[in-house]
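Chemist: Residue numbers (our numbering): 56 to 545.
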RNA sequence: GGCGCUAUGGUGCAACGGUUAGCACGCGGCCCUUUCAAGGCUGAAAUACGGGUUCGAUUCCCGUUAGCGCUACCA
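#1: Tell me which same chain residues have a C-beta within less than 7 Å of the C-beta of residue 481, skipping the five on either side of it?
#2: Considering just the uninterrupted stretch of the beta strand (DSSP E) at residue 234, what are its terminal residues?
#3: Starting from residue 355, trace the alpha helix (DSSP H) both ways and give me its first and last residue.
#4: Please tell me whether residue 255 and residue 141 are closer than 7 Å, where the distance is taken between their beta carbons.
#5: Around the Cβ of residue 85, are there at least 16 other Cβ atoms within 10 angstroms (buried) or fewer (exposed)?
#6: Starting from residue 450, follow the alpha helix (DSSP H) in both directions and report where the run begins and ends.
#7: May I have the straight-line CA-CA distance separating residue 407 from residue 421, to the nearest angstrom?
#8: State buried or exposed for residue 134, treating a residue as buried only when at least 16 other CB atoms are found within 10 Å of its CB.
#9: Could you give the distance in angstroms between the alpha-carbon of residue 340 and the alpha-carbon of residue 291?
#10: In terms of residues, what are the limits of the beta strand (DSSP E) holding residue 212?
#11: Could you check whether residue 295 and residue 566 sit closer than 7 Å to each other, using their CB atoms as the reference points?
#12: Apart from the five residues just before and just after residue 132, which ones in its own chain have a Cβ nearer than 8 Å to its Cβ?
#13: Quick one: grab the DSSP three-state call for residue 270.
#14: Any idea what DSSP makes of residue 522, helix, strand or coil?
#15: Is it true that the segment 201-220 meets the segment 115-123, where meeting means three or more beta-carbon pairs spaced less than 8 Å apart?
#16: Report yes if the C-beta distance between residue 438 and residue 424 is below 7 Å; otherwise report no.
#17: With burial defined as no fewer than 16 other Cβ atoms inside 10 Å of the residue's Cβ, what is the status of residue 78: buried or exposed?
#18: Could you check what DSSP says for residue 96 in three-state terms: helix, strand or coil?
#19: Output the residue ranges of the alpha helix (DSSP H) runs that lie fully inside the segment 318-400 and measure 4 residues or longer, sorted by chain position.
#20: Need the endpoints of the alpha helix (DSSP H) that residue 535 sits in, please.
Dropping the structure here:
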């Protein structure tokens, strides 16, 4: 890469049906880096594994990326449609002598068992040895011809140098030198003709002129193999940036056991994309100072690979929720309106007027409610009564605030007093209620709390008088009268 | 097993040889108060362990331990 060139990065997930939070963070870092540098982000689907090569498994990833607001400039490209390139590259490596045909039968990986088996057998030898080369490495041409005649399908392996070291630069982990003796003769092209990850990733990154490979640290150990391929192909390796992994609360890799692990599930739960982004950005990266709440433009402005940490991070849902609360409450309400609209539509509560004639009311109401929300679902949850007359009284709220025996009588008086109000605003309601409390010799809080339950059905809600104004006189009076029997019944 | 990476409160990050080790989430308390939030103040809480190097180590080096990753004809 020449210094005048703008960086080109890529996000290259394999199709798993959904976007994992770890993948989302990798995508985010790539995106932030590209935006910050004025570079280009490509999306590439790594579907060379036939079992994962299903179109429907890609959709979930695209949907999740769009939800996150991560847009790519080129792609998506599908490796499954570029197969010829990989075999051509493998043939070139074979022809150059940097690779060789291997006729061994594939040793299928079976998880921990295989590893244990390998340990178990040959206790005396083989233990603690360096990477062993496949016997096919040194086949004579006659032997090779014989194998071919037998019709044994060949894979192409890389002929790793037995000596020397392989070097590469990692923007996060620094310069790295690995002993070639530690690197086995890995497979480039499977006997099926399909490439392995090591090959396809390099061929594509060369072809797509990728300048910075930003990916999970789980790829760090295999990077030397890829550098070897770059060299065999006569290409300059990119700069690597391996970002630490995201772990579950038990410090193991994030998985279903830890609950929600796909970004789609957070979208459904009512998290805001920007809150999720901000939270994710801080998992393994910091701006250098103590800034945490950073709007997206600030994230883009401040993002740098030098701020990426080398230690694995644990996904902390409580902090995610805190971020969501911040993003629900701090930005201008207008930004929130579309999300609330979607939520209301989902619950079948949406009225078109709120987008037109009553837009001001809608904005004001959302503004009032959001001061005590944590998730978007709260708007149709405890705040349902702001948007619908069809709501229920929370049993706990009733038990707590409709307990006083004088309440039926008091509430009737209060309702009448409110109904007689010539003006309906915060102060008028406030004064009317306090007047009743004073003349009846009770604390205003008694009436305030009882009224809140009557008009919104909940013990937890925004300040009462503002709520009354937003709901309007007619509704408040109607709801108070409707609640009277229930209050009497307690 | 081999190779590698990492190691600051429960969690996420600061401090990149000299600070009373800072911030945020979470937790406790107080203030505010009309419920609940938000906000303000405040408390408890950390340099994994052992050796070096240095006038001085969270910081540099070595070892130990622990966690994680890789070690597939998965990606």
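Cβ atoms here follow ideal geometry from the backbone N, Cα and C, with glycine treated the same way.
Modeler: Let me lay it out:
#1: 520, 521 and 524, listed in sequence order.
#2: Residues 229-234.
#3: Start and end: 351-357.
#4: Using a Cβ distance threshold of 7 Å, residue 255 and residue 141 count as a contacting pair.
#5: Under this definition residue 85 is a buried residue.
#6: Segment 450-456, the alpha helix (DSSP H) holding residue 450.
#7: Going by the C-alpha atoms only, they are around 15 Å apart.
#8: Classification for residue 134: buried.
#9: Rounded to whole angstroms, the separation of the alpha carbons of residue 291 and residue 340 is 28 Å.
#10: That run of the beta strand (DSSP E) goes 210-213.
#11: Here the chain comprises residues numbered 56 to 545, so residue 566 is not present and cannot be evaluated.
#12: The residues 97, 98, 99, 100, 259 and 263, in chain order, have a CB closer than 8 Å to that of residue 132 in the same chain once the five nearest residues on each side in sequence are set aside.
#13: Residue state, collapsed to three classes: strand.
#14: Reduced to three states, the DSSP call for residue 522 is helix.
#15: Cβ pair count under 8 Å is below three, so no.
#16: Taking a C-beta distance under 7 Å as the contact criterion, residue 438 and residue 424 qualify as a contact pair.
#17: If you draw a 10 Å sphere on the C-beta of residue 78, you find 16 or more other C-beta atoms in it, and that means buried.
#18: DSSP places residue 96 in strand when its eight states are reduced to three.
#19: As far as the segment 318-400 is concerned, its whole alpha helix (DSSP H) runs of at least 4 residues are 318-324, 328-336, 351-357 and 372-384.
#20: Counting along the chain, the alpha helix (DSSP H) containing residue 535 begins and ends at 528-544.
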